[in-house]
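Asks: Mind having a look at this structure? Questions to follow.
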Amino acid sequence: MEIQFTNQYDMIKCSIYYWSGVYRTPIEKSMSYKELNPVIAINILNFDLLPQTYRFHTIARRLLAKGMDAEFVAESTDLDKERVLEIHAEML
1 MEIQFTNQYD MIKCSIYYWS GVYRTPIEKS MSYKELNPVI AINILNFDLL PQTYRFHTIA
61 RRLLAKGMDA EFVAESTDLD KERVLEIHAE ML
C-alpha cells in the first residue's frame, strides 16, 4: 500500500517498482514460477493521476499480466459543488 500527497515522481513506474520487489521476494531456488503469489498494489493519492477523469473518486485498475495488477485511488479536489451532486446522483 502506498500513500502519496504530491505527484513528485512517476507514480505508475514507482508503484510497479515496489510491486515487483514484493512479487519476487518469496521465490526460492527450486521453486516454480507458477507458485508465486499474486501481489496487488493499492495507491491512495491526494492528486489527479489521470487528469482526463472528472470523477470525484477515481479507481483505475490496470491488469498488466496474469497475477500482476495495480490499483490507483485518487480524490479530485477541483470539482465544483454542482458536479459533485451530479456524481452522487449517478450513484443512486
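Residue numbers (UniProt numbering): 1 to 92. The beta-carbon is built from N, C-alpha and C at its ideal position, and this holds for glycine as well.
Check each candidate in R24, K29, C14 and name the one with the smallest Cα separation from I42.
Replies: Translated into the one-based positions of the sequence shown, residue 42 becomes position 42. Ranking the options by Cα distance to I42, first place goes to C14.
Asks: According to the neighbour-count rule (16 or more other Cβ atoms, all chains shown, within 10 Å of its Cβ), is L92 buried or exposed?
Replies: Counting from 1 along the sequence shown, the entry for residue 92 is found at position 92. Residue placement at L92 is flagged as unreliable, the pLDDT there being 48, under the threshold of 50; a coordinate-derived value is accordingly withheld.
Asks: What separation, rounded to the nearest whole angstrom, lies between the Cα atoms of I16 and V39?
Replies: Position 16 of the sequence shown holds residue 16. Position 39 of the sequence shown holds residue 39. Approximately 11 Å between the Cα atoms of the pair.
Asks: Counting only the same chain and skipping the five closest in sequence on each side, list residues whose C-beta sits under 7 Å from that of V22.
Replies: As a working note, residue 22 is residue 22 in the sequence shown. Around V22, the same chain offers V39 as residues with beta carbons nearer than 7 Å, after the five sequence neighbours per side are excluded.
Asks: Can you find the residues in the same chain that come closer than 6 Å, C-beta to C-beta, to E35, ignoring five residues on each side of it along the sequence?
Replies: Translated into positions along the sequence shown, residue 35 becomes position 35. Contacts found: none.
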